[in-house]
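Right, one structure below, let's go through it.
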Amino acid sequence: MRVALLGPYSGDLSRVGGGPEAVVVQLAHGLRRAGVEVHVVTLDFTGQQATDITAEAEGVTVHRLRLRRLPRWTGVRINARSLARRLRTISPDVAHAHSAGTFADGALGSGLPAVITVHGVIEQEAAVVRQRGISWREDVAWRYEAWYERHCLRRSRDVIAISPYVADFYRGLTDARMSLVENPVARAYFDLPDQAQAATILCAARVIHRKNVLGLLHAFARLRQQMPEARLRLAGETTSEPSYAEQCRQFVAANGLDNAVDFLGWLDETALRAEYSRCRALALLSWQETAPVAIEQAMAAGKPVVASDVGGVRYLVEDGATGYVVQADDSAGQATALQRVLADDMLRRSMGAAARGAALARFHPDQVTAQTLAVYEQAIASQRSSQS
17 MRVALLGPYS GDLSRVGGGP EAVVVQLAHG LRRAGVEVHV VTLDFTGQQA TDITAEAEGV
77 TVHRLRLRRL PRWTGVRINA RSLARRLRTI SPDVAHAHSA GTFADGALGS GLPAVITVHG
137 VIEQEAAVVR QRGISWREDV AWRYEAWYER HCLRRSRDVI AISPYVADFY RGLTDARMSL
197 VENPVARAYF DLPDQAQAAT ILCAARVIHR KNVLGLLHAF ARLRQQMPEA RLRLAGETTS
257 EPSYAEQCRQ FVAANGLDNA VDFLGWLDET ALRAEYSRCR ALALLSWQET APVAIEQAMA
317 AGKPVVASDV GGVRYLVEDG ATGYVVQADD SAGQATALQR VLADDMLRRS MGAAARGAAL
377 ARFHPDQVTA QTLAVYEQAI ASQRSSQS
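Okay, here's the thing in structure tokens:
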């Protein structure tokens, strides 16, 4: 079988981003191990390429197409057509797009059997962004993205939802077959040694409003009153919302937490795995999430998770068994949950073992690859029957 994956794809596999990019990378290599000929079709989001570039990397053929930076609707359509043309040249058995935007439009416009994975709910993300205040131009852009997502899903025949939360939200908005296939996590996370350091919490998230890092800092300040030895490691970029990141730094300074909170910035895969190995728990107290790769990575690493009860989080974290599910605005409850997993090593180990067991059954790349291949076969058969 020949498969073309469409989505963000790093040119440096040691510097893979989160979310859809992490999924595309893991799926590409999982399919390759299964004997599939894998092509990745992506766009040069740096805007530095003057021409399209095709190269092979670790057994995967990567087609990095020049990004046309034009007014929104014009640019989106031109880029989608460029993706569709390249797909027709590759002639895969199936085109699998990650995100229901430009990549989905390209796959659907190619005329090939197409599968669309929906990685988030744009309308819900937009609602959270609006809470912090945005310009009318930003609001128009978010509304356009939400419309474009629905436009693509209405044209789709086969859709993969990465969480029951996604499936429930979109089921009435598309006639497509909806399959549940969760995110794959890199094999290396399942093999991480437990080198947990005393009272160390990891938050692997961008320092932005949606991730509610400031809320986590409030909870951590409460925790420190009971556990002065507690440490918080923030692994995520601080450049997308610099004013928010500065707010977080100011809170740390104002509350005397400089020696307890580390802003690590964006980490490569090796450094990030080391942080998972050394932490005692992951904290993710976002205002909105779908199926955070960070939670899935923590579970694979055998770490309990304290996370907010938003979006699809409750489908990942079993409250009281693999971690704790808390309210996003309850800093006292968050601090209490964190103290429990930090103070009770037997509880931490028990929750971590349960989390790793669940991750092996749900997020191991071999498992996810097999489920994805079944969806591909379904999409191919459906297109054949419609053409006969």
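Residue numbering for the sequence shown follows my numbering, beginning at 17 and increasing consecutively.
From the three backbone atoms N, C-alpha and C, an ideal C-beta is built for every residue, glycine too.
Note that the structure is a prediction, hence the values are computed from the model and not measured.
Contact belief for residue i with residue j at Cβ below 8 Å, rounded distance in angstroms
i: G368; j: G318; result: 4 Å
i: R296; j: A353; result: Not really, about 13 Å apart at Cβ, beyond 8 Å.
i: A20; j: I138; result: Going by Cβ atoms, the distance from A20 to I138 rounds to 24 Å, so no, they are not a contact pair.
Member of the options whose CA lies at the smallest distance from the CA of residue i
i: A290; options: D210, A96, R372, D155; result: D210
i: R85; options: R193, A73, R104, L59; result: L59
i: E334; options: A370, A348, D360; result: A370
i: S366; options: A390, Q350, G339, L354; result: G339
i: T388; options: G349, I178, G272; result: I178
i: R93; options: F119, E74, V78; result: F119
i: Y331; options: Q350, L354, E305, G349; result: E305
i: G117; options: Y160, V144, D109, V156; result: Y160
i: L81; options: E74, G75, R101; result: R101
i: V326; options: A71, A344, V309; result: A344
i: A44; options: V309, A348, D382; result: D382
i: G136; options: Y181, S402, V56; result: Y181
i: N228; options: V57, V145, N95; result: V145
i: E421; options: E198, I224, E37, L128; result: Not covered by the structure: residue 421. The range shown for the chain is 17 to 404.
i: G349; options: P258, A323, W282; result: A323
i: V76; options: T286, H55, L298; result: H55
i: R173; options: V40, M194, D184, W282; result: M194
i: A71; options: Q64, G63, V57; result: V57
i: V41; options: V78, I69, Q65; result: V78
i: A38; options: A183, E198, N275, L298; result: E198
i: L280; options: A251, R49, L300, V384; result: A251
i: A269; options: L233, R104, A287; result: L233
i: I311; options: F379, Q65, A237; result: F379
i: Q147; options: L103, A162, R226, G188; result: R226
Inter-residue Cα distance where the pair is residue i and residue j
i: G328; j: G149; result: 25 Å
i: L196; j: R153; result: 35 Å
i: R364; j: L358; result: 7 Å
i: S302; j: V341; result: 12 Å
i: R97; j: D191; result: 24 Å
i: A395; j: P108; result: 13 Å
i: A157; j: L22; result: 22 Å
i: A221; j: G125; result: 34 Å
i: R400; j: Y186; result: 26 Å
i: A235; j: A351; result: 5 Å
i: Q355; j: L239; result: 7 Å
i: Q403; j: M17; result: 20 Å
i: L47; j: A143; result: 36 Å
i: F61; j: L83; result: 6 Å
i: A307; j: G231; result: 20 Å
i: V277; j: N271; result: 11 Å
i: G122; j: L99; result: 5 Å
i: Y25; j: L128; result: 21 Å
i: S293; j: S398; result: 44 Å
i: V309; j: Q266; result: 28 Å
i: Q263; j: Y392; result: 46 Å
i: D207; j: D155; result: 43 Å
i: N95; j: T67; result: 13 Å
i: L273; j: Q241; result: 11 Å
i: D360; j: S259; result: 37 Å
i: G33; j: E74; result: 18 Å
i: E257; j: R171; result: 34 Å
i: T255; j: I176; result: 31 Å
i: V52; j: G63; result: 30 Å
i: A183; j: A299; result: 25 Å
i: T385; j: A50; result: 8 Å
i: D346; j: L283; result: 29 Å
i: A237; j: A314; result: 23 Å
i: E285; j: I69; result: 25 Å
i: Q65; j: G91; result: 16 Å
i: K261; j: G188; result: For the record, residue 261 in the displayed sequence is Ala; it is not Lys. Those two C-alpha atoms are separated by around 38 Å.
For residue i: DSSP bridge partner residues
i: T77; result: H55, E72
i: H112; result: L21, V131
i: L218; result: R249, L298
i: R193; result: D174
i: G339; result: V321, D335
i: F279; result: L250
Interface flag, residue i vs chain B, CB-CB below 7 Å
i: L81; result: Absent from the structure: chain B. Only one protein chain is present.
ask   = Should the region 240-258 be called in touch with the region 215-224, which here means at least 3 C-beta pairs below 8 Å?
value = yes
query = Is there contact here, the region 305-319 with the region 374-383, by at least three beta-carbon pairs under 8 Å?
reply = yes
ask   = Should the region 155-168 be called in touch with the region 192-202, which here means at least 3 C-beta pairs below 8 Å?
value = no
message = Using 8 Å as the cut-off, can you tell me whether the region 130-141 makes contact with the region 112-119, which would need three or more C-beta pairs spanning the two stretches below that distance?
response = yes
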